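Engineer: Residue numbers (the working numbering): 2 to 144.
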């Protein structure tokens, strides 16, 4: 195994919505102290943004069950950590301006996908001045 000196961690994904130990994940990431830590769209559920009161579909039931489970695992202080996360952050690395988002620069739940047409991408990226965009809301391994 090779070990490299890591200078910083950039975290752009949903943090606690899935998995058996949301509180453990939250505190592990907090202990790493990422240089960028972006709120994912599922993290907004805990801002009061989860609005499925009576889940009807299979996916809604699954999401609701995840939400309920996470609420049981997290304390009020943990929820405050999630609520304070930014949805967009900018930094500079080696003279490159970097824009960090979860979804797209304009929406937290919008994909930046290789399937988008050039026209769609122009619309999504309108006004972006940065050299590089990092996005975590892909749901697929892609560049």
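Using N, Cα and C, we set each Cβ at its ideal position, and we do this for glycine too.
Keep in mind it's a predicted model, so treat the numbers as computed, not measured.
With DSSP as the reference, please indicate the residues paired to residue 91 in a beta bridge.
Structural biologist: Taking the first residue of the chain shown as position 1, residue 91 is located at position 90. BP columns for residue 91 point to 100.
Engineer: Report buried or exposed for residue 59, applying the criterion of at least 16 other Cβ atoms within 10 angstroms of its Cβ.
Structural biologist: For the purposes of this step, residue 59 is taken as residue 58 along the chain shown, with counting starting at 1. So residue 59 ends up on the exposed side.
Engineer: If you draw a straight line from the alpha carbon of residue 61 to that of residue 19, how long is it in whole angstroms?
Structural biologist: Within the chain shown, the letter at position 60 stands for residue 61. Within the chain shown, the letter at position 18 stands for residue 19. Approximately 14 Å between the Cα atoms of the pair.
Engineer: Applying the criterion that 16 or more other CB atoms from any shown protein chain within 10 Å of the CB defines a buried residue, is residue 123 buried or exposed?
Structural biologist: Against the chain shown, residue 123 aligns to sequence position 122. Residue 123 should be labelled exposed.
Engineer: Among 135, 121 and 33, which one has its Cα closest to the Cα of residue 91?
Structural biologist: Position 90 of the chain shown holds residue 91. It is 135 whose Cα lies nearest to the Cα of residue 91.
Engineer: Output needed for residue 130: all residues of its chain with C-beta closer than 8 Å, excluding positions within five of it in sequence on either side, in chain order.
Structural biologist: As a first step, residue 130 is located in the chain shown; it is residue number 129 there, counting from the start. Hits under 8 Å: 98.
Engineer: Give the single residue among 4, 43, 77 and 82 whose Cα lies nearest to the Cα of residue 66.
Structural biologist: Position 65 of the chain shown, counted from the first residue, corresponds to residue 66. For residue 66, the nearest C-alpha among the options comes from 43.
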